[in-house]
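These notes are about the structure you will find just below.
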Amino acid sequence: MTEVKTKTREIPAAIILTPAAEQRIADLMAKAPEDVIGVKLSTPRRGCSGLAYSVDYVTEEVKFDEKIVTPGGVFYVDGPSVLYLIGSTMDWQEDDFTAGFVFNNPNSKGDCGCGESFTV
């Protein structure tokens, strides 16, 4: 009987973080309240297109959340939101008038006119 070797492979993260997004997470974690363990992305139902991006501090791990360890802190993706975000890239952009996370989401079929929400 021949021995079967099992190959394990690393599963790619559901979302790609740019260096600017990772730095912003590090900046947020540097000034976070003491009980915060990371930053979490979720897609609550909101706006005229149905779903919105929401980034918040998190104080405890949730069983089915995706956990991405970055140099500046832990980034979580809400478990139910992962399906809407697979293959997305999250960036942090600043200019003279605005600053915020920007998402390139291949699953998005459209955005509302105000940019508040998206549909899949």
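Plus 1463 on top of the position in the sequence shown (first one is 1) and you've got my numbering. The beta-carbon is built from N, C-alpha and C at its ideal position, and this holds for glycine as well.
Your pair ILE1531 and LEU1491 does not check out as a contact, with CB atoms roughly 14 angstroms apart and the cut at 8 angstroms. Less than 9 angstroms separates the beta-carbon of VAL1521 from that of VAL1499. The continuous stretches of beta strand (DSSP E) do not include ILE1549, and DSSP gives it neither H nor E.
Taking C-alpha positions only, GLY1536 is separated from ILE1488 by approximately 7 angstroms.
For ASN1567, the number of other beta carbons within 10 angstroms of its own is below 16, and it is reported as exposed.
Assigned with DSSP and collapsed to three states, GLY1501 falls in strand. With respect to the 9 angstroms criterion, MET1553 and ILE1474 are not classified as neighbours on the basis of their beta carbons. Straight-line measurement puts the Cα of TYR1539 at about 6 angstroms from the Cα of ASP1528. Annotation for VAL1565: ASP1554 and GLN1556 place their beta carbon closer than 7 angstroms to its own, counting only its chain and skipping 5 residues before and after.
The three-state reading of DSSP puts GLY1563 in strand, counting E and B together.
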